[in-house]
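Take 1 as the starting number for the sequence shown in this note's numbering and just add one per residue.
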Amino acid sequence: MSELITLAGGVLLNDANQMLLLHRNTEKLTQWEMPAGECEGGESPEEAMRRGLRKETGVYVETARFLALAAIWHDGKQCEFHWFEVTTSDNPRIMEPGVHDELRYYDLFRLRRMESALSRDLLAFSNQLNDGEIRLES
């Protein structure tokens, strides 16, 4: 049985109700993904998400509201992914240029048309959103 990996991502929307995505472009993976963090050292999913957003986009999360979670298998590992709707007054930027090469806001309902380019967790989020299982306040 594989160890459960807990991750958490932040859904950051702009004024046009578009979601912030990062484009990972590494030797191992090329995909669009939401900013996120893996739980480390007893962190809660919300703490990991806040740290992940700061590390990947340079933003401090001001508010966070739990949305949903999903079980996802990735590289033979079982992952539990938690999603939070977040707000910030900071301007996101790429903080890890060796990992991410682009940062862009996308229309939430356009994600389904991009499914082959999305990370597994972002695809699961998009499916739950489109199926009405996730409701955003923004």
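All C-beta atoms, glycine included, are put in the ideal place defined by N, C-alpha and C.
Being a predicted model, the structure only gives us computed values, none of them experimental.
Inter-residue Cα distance where the pair is residue i and residue j
i, j, result
"Leu-12", "Met-19", "6 Å"
"Met-95", "Arg-104", "14 Å"
"Leu-118", "Ala-48", "21 Å"
"Gly-37", "Phe-84", "12 Å"
"Cys-79", "Met-34", "15 Å"
"Asn-14", "Cys-39", "26 Å"
"Leu-29", "Thr-87", "28 Å"
"Arg-135", "Asp-75", "29 Å"
"Glu-46", "Pro-97", "24 Å"
"Ser-126", "Leu-108", "8 Å"
"Gly-41", "Leu-7", "13 Å"
Contact under 8 Å by Cβ, residue i with residue j
i, j, result
"Val-59", "Leu-67", "no"
"Ser-89", "Glu-62", "yes"
"Arg-50", "Ala-64", "yes"
"Ile-5", "Lys-77", "yes"
"Arg-93", "Thr-57", "yes"
Contacting residues, own chain, Cβ-Cβ under 7 Å from residue i (five flanking each side not counted)
i, result
"Val-99", "Arg-24, Thr-26"
"His-21", "The sequence given here has Leu at residue 21, not His. Excluding residues within five positions, the ones whose Cβ falls inside 7 Å are Trp-32, Glu-33, Met-34, Arg-104, Tyr-106."
8 Å CB neighbourhood of residue i in its chain, flanking five on each side removed
i, result
"Ala-124", "Ala-70, Ile-72, Phe-81"
"Leu-3", "Correcting the residue type first, residue 3 is Glu in the shown sequence and not Leu. Here the set comprises Lys-77, Gln-78."
"Gln-128", "Ala-68, Ala-70, Ile-134"
Cβ shell of residue i (< 6 Å), same chain only, five flanking positions each side left out
i, result
"Glu-115", "Leu-123"
Whole-number beta carbon distance between residue j and residue i, since they are thought to touch under 8 Å
i, j, result
"Asn-130", "Arg-112", "6 Å"
"Asp-101", "Gly-9", "With 8 Å as the limit, Asp-101 and Gly-9 do not qualify as a contact, their Cβ atoms being about 19 Å apart."
Open item on the list: For a minimum of 3 consecutive residues, which ranges assigned as the beta strand (DSSP E) are wholly contained in the segment 56 to 81?
Closed with: 63 to 74
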